[in-house]
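K.L.:
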Amino acid sequence: MRSAIPNQPASRELNGSDASQSAVPHSAGLYLRYREKSRIVVIGAHTAQQYEFSAMTPVLRVDSRDAVPLLSTGFFDKIV
4 MRSAIPNQPA SRELNGSDAS QSAVPHSAGL YLRYREKSRI VVIGAHTAQQ YEFSAMTPVL
64 RVDSRDAVPL LSTGFFDKIV
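If you're matching positions, the sequence shown starts at 4 in this note's numbering and goes up one per residue.
This is the structure we're talking about:
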């Protein structure tokens with residue numbers, strides 16, 4: 004007869020992966036400046052968060068996990 008115990012490691016494993024994701028600070032971010040003037044809405048590759056840049060709002064704080072792909076486009080500068 005099987006008990007519910009064999010299922011427990013799987014749920015521990017899922018909880019462990021959730022814990023490792025939450026170990027990355029969600030508040031960690033970089034300020035990026037959009038180089039263009041037209042309005043653009045981008046969706047973070049890792050967080051799926053929407054970021055809206057424009058001439059009126061050229062600088063936003065972006066989750067560090069989303070910043071690398073955005074910087075690689077050439078449309079953004081990292082503010083140090």
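Where is the CB? At the ideal position from N, CA and C, for every residue including glycine.
Between the C-alpha atoms of residue 34 and residue 69, what's the straight-line distance to the nearest angstrom?
P.N.:
Residue mapping note: residue 34 aligns to position 31 of the sequence shown, counting from 1. Residue mapping note: residue 69 aligns to position 66 of the sequence shown, counting from 1. Computed Cα separation, rounded: 11 Å.
K.L.:
Identify which residue in 44, 53 and 81 has its Cα closest to the Cα of residue 71.
P.N.:
By 1-based counting over the sequence shown, the position of residue 71 is 68. Checking every option, the nearest Cα to that of residue 71 belongs to 81.
K.L.:
For the beta strand (DSSP E) that contains residue 64, what are its first and last residues?
P.N.:
Reading the sequence shown from its first residue, position 61 is the one you call residue 64. That run of the beta strand (DSSP E) goes 62-66.
K.L.:
Output the distance between the C-alpha atoms of residue 59 and residue 41, rounded to the nearest integer angstrom.
P.N.:
On the sequence shown, position 56 is the one that residue 59 refers to. On the sequence shown, position 38 is the one that residue 41 refers to. Using only the alpha carbons, I get a separation of about 9 Å.
K.L.:
Helix, strand or coil for residue 83 per DSSP?
P.N.:
Position 80 of the sequence shown holds residue 83. In this structure, residue 83 counts as coil in the three-state DSSP scheme.
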